[in-house]
Structures are given as C-alpha cells and as structure tokens.
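Student: Under our numbering, think of the first position of the sequence shown as 1050, with each following residue one higher.
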Amino acid sequence: MEDYRNCITVNAKIHFGKPYIIGTRITVDNVLELVKEGIPFDEIIKNYYPDLKREDIKACIQYVLDLIRKEEICVETSE
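What follows is the structure, encoded as structure tokens:
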C-alpha cells in the first residue's frame, strides 16, 4: 500500500482540523464509520464516495492504526 501520508492530511482550516483525504473533503472518520458498519469497500466507493479509491480507504485504516500504535496508554494499578 502507498504511504497514507501521500493521501491523508490535516489542515486547521478544513473540517476543523480533522484528517481528510487529499483532493476531497472526505474525512477519515466518515470513511471509517462506513467500514465499521461492515459496508464493503467497493460499495462505499459506488454508493457513498465515488471519488475514492480502495487505497484511500486502506489509508484511512492505516492512519488510525498508526495513531493507536503511537498513543501512550497509562494503566493505573491498585497496590
């Protein structure tokens, strides 16, 4: 897969700083909501976002995976 940084960006002036797919105004969270609902990639493209490619949807998933991997999780233990 192409590096997601080539197709996803963040701009404070667009969608209040939410990450979106370059060349569109489609936000990563909008795409992931459809994926969460179990809608196949081809159907997302055909029925919701015809300007997207399968690689764009994969890039959205990779973007969020990388965010989660970088996130520092603090776990409190009771002693």
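For each residue, glycine too, the CB sits at the ideal point set by N, CA and C.
#1: Give every residue of the same chain whose Cβ lies closer than 6 Å to the Cβ of Ile1071, excluding the five residues on either side of it in the sequence, and list them in chain order.
#2: Nearest to Ile1075 by CA position, among Asp1052, Glu1125, Ala1108, is which residue?
#3: Pull up the distance between the alpha-carbon of Met1050 and that of Glu1104, whole angstroms please.
#4: If you follow the alpha helix (DSSP H) that Asn1079 is in, where does it begin and where does it stop?
Tutor: The relevant details are as follows:
#1: Cys1056, Thr1058
#2: That would be Ala1108, whose Cα lies nearest to the Cα of Ile1075.
#3: Its pLDDT being 48, under 50, Met1050 is placed unreliably by the model, and nothing is read from it.
#4: Unbroken alpha helix (DSSP H) run through Asn1079: 1077-1085.
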